[in-house]
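Let me begin by presenting the structure, written as structure tokens, before commenting on it.
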Ligand code: 5AD
Ligand code: SF4
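In my numbering, the protein residues as written are 5 to 480.
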């Protein structure tokens, strides 16, 4: 008997599996019409959270019968998983949608979908409704688990299907996921953010903090390890506040201890840590761990206490420096990386000097430096003293120079040492070489056979090239 929408189960994930079945029927029909298996292309903008969400989208697309391809121009279904942290990501989406419109005119069977953070903004939806009518499906960050149901709707309904939720307290487990790498995987441990840094749009588009139960996380990782995963990246906007809003009595450090005990798992990474919530317990767990990588991403945003206060970061220049010192003392070979924003409203030359001072004092291995982007609806967007673009550019270049100088010094110091490297992929430029990652996240290029991809292997660091190394296999 043909399945219909009204008979769909109410509970998740059963409901979505039901829709995957219905959707498979539509995709099969499309295949007959097209004369080939329908193809899809998923493009991800933004952070690792979005990359993980895209793996979930691909999991469902494959399950309903699409072939995943890289070339967007040949795809029958194109989806953009968008980011809105800074405005340039939004502009890129609009630009690419223009090109997609042409493509759709040539291939009327083609479907275009948009999801992710940008879709949680009312102004974006208005603009899409007005000027981008050719888009078939729009959904947001809170209902991504409903993708199968929404995709089905695009086959059953005419016109744009739009489903955006303002917030959710729901976490749906056990949907299909198609991983990009067989040996490593991101794992969501929490969703959303409660911090409301004054420049940041994330709390508005990703909603309030929700942690997953540790049992669900452990089960997911155990299954991944059975499938060959050796490294996990625990994902959350602020992993240090993991466990705060659930019944279970657990902290992030406690979760790490449980994950450490999973047999067969070799490396644990996590991001992102908010400095204000980083506990001594976490430092202790990292110090004693054999699996947690020697890398901590600790966004400082600014080195000026005055600007940090305006940003609502809830720490000072001094307390950040103290924290960095404490971490380096406990774990001397740790690599510290950070995020910096230049051009926050009211930021002066002296404020930027403070930022550069912290860069030098901490000695970051790397720092992602961003030009402040005004996000509508955030408190900072309403501040009157926005900094003129030319000044921001100059200050940005000063910070960038300092960052590059410091990180070059930091990364270079390990020549001659033998370190464990997880080989991740064939080298982009030379197919006799593999590219891998040290525990501290630095890349290493080595002449090695591709059968070593996914394996952790000792490598001698021969030559530092500034931000990466050339290495040699050590015969075991
Ligand atoms: N402008 C510039 N950078 C921003 N970030 C977040 N919001 C903004 C903004 N409005 C940066 C922060 C954060 C990183 C993910 O993005 O540095 O840590
Ligand atoms: Fe944005 Fe601050 Fe939350 Fe990070 S901690 S996502 S910068 S509001």
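Here a beta-carbon is modelled for each residue, glycine too, at the ideal position from N, C-alpha and C.
Check: Simplified DSSP state of residue 429, which is helix, strand or coil; Outcome: strand
Check: Local conformation of residue 497 per DSSP, three classes; Outcome: Here the chain has residues from 5 to 480 only, and residue 497 is not among them.
Check: Beta-carbon gap between residue 399 and residue 350 smaller than 8 Å; Outcome: no
Check: Residue list, Cβ distance to the ligand SF4 heavy atoms smaller than 6 Å; Outcome: 197, 199, 200, 201, 204, 206, 207, 241, 242, 278
Check: Sufficient close CB pairs (3 or more, under 8 Å) joining the region 353 to 360 to the region 305 to 312; Outcome: yes
Check: Which listed residue (93, 28, 97, 75) has its alpha carbon closest to that of residue 64; Outcome: 28
Check: Of the listed residues 35, 9, 263, 31, nearest to residue 23 (C-alpha basis); Outcome: 9
Check: Proximity winner among 196, 227, 228, relative to residue 248 (alpha-carbon distances); Outcome: 196
Check: Length of the line joining the Cα atoms of residue 335 and residue 257; Outcome: 16 Å
Check: Extent of the continuous beta strand (DSSP E) to which residue 467 belongs; Outcome: 460 to 468
Check: Residue 274 in three-state terms, based on DSSP; Outcome: strand
Check: For residue 317, the three-state DSSP class (helix, strand or coil); Outcome: coil
Check: Helix, strand or coil at residue 125 according to DSSP, with G and I counted as helix; Outcome: coil
Check: Backbone secondary structure at residue 441 - three-state DSSP; Outcome: strand
Check: DSSP-derived helix/strand/coil call for residue 156; Outcome: helix
Check: Nearest-angstrom Cα separation, counted from residue 138 out to residue 105; Outcome: 7 Å
Check: Assigned secondary structure, residue 387 (DSSP; H/G/I helix, E/B strand, else coil); Outcome: coil
Check: Rounded Cβ spacing between residue 295 and residue 264 (contact assumed at less than 8 Å); Outcome: 5 Å
Check: Extent of the continuous beta strand (DSSP E) run through residue 63; Outcome: Element bounds for residue 63: not the beta strand (DSSP E) but the alpha helix (DSSP H), 52 to 67.
Check: Cβ contact check for the region 133 to 151 and the region 116 to 123: 3 or more pairs under 8 Å; Outcome: yes
Check: Whether residue 55 touches residue 46 by CB criterion (8 Å); Outcome: no
Check: Complete beta strand (DSSP E) runs within the region 138 to 191 (minimum length 3 residues, chain order); Outcome: 141 to 143, 165 to 167
Check: Closer than 8 Å to chain D by CB, residue 369; Outcome: The structure shown has no chain D; it contains just one protein chain.
Check: Option in 343, 182, 250, 276 with minimal Cα separation from residue 362; Outcome: 343
Check: Residue environment, residue 455, which counts as buried when at least 16 other CB atoms sit within 10 Å; Outcome: exposed
Check: Sub-8 Å separation of residue 229 and residue 269 beta-carbons; Outcome: yes
Check: Rounded Cβ spacing between residue 213 and residue 194 (contact assumed at less than 8 Å); Outcome: 6 Å
Check: Nearest residue (CA-CA) to residue 293, options 261, 412, 423, 198; Outcome: 261
Check: Three-state secondary structure assigned by DSSP to residue 478; Outcome: coil
Check: The ligand 5AD heavy atom lying under 7 Å from the CB of residue 52; Outcome: no
Check: Any non-hydrogen atom of the ligand 5AD within 7 Å of residue 468 CB; Outcome: no
Check: Range of the contiguous alpha helix (DSSP H) that encloses residue 34; Outcome: 18 to 38
Check: 8 Å Cβ cutoff met for residue 450 and residue 477; Outcome: yes
Check: Cβ-heavy atom distance, residue 305 to the ligand 5AD, below 7 Å; Outcome: yes
Check: Euclidean distance between Cα positions of residue 453 and residue 353; Outcome: 51 Å
Check: Short Cβ contact (8 Å threshold) for residue 448 with residue 472; Outcome: yes
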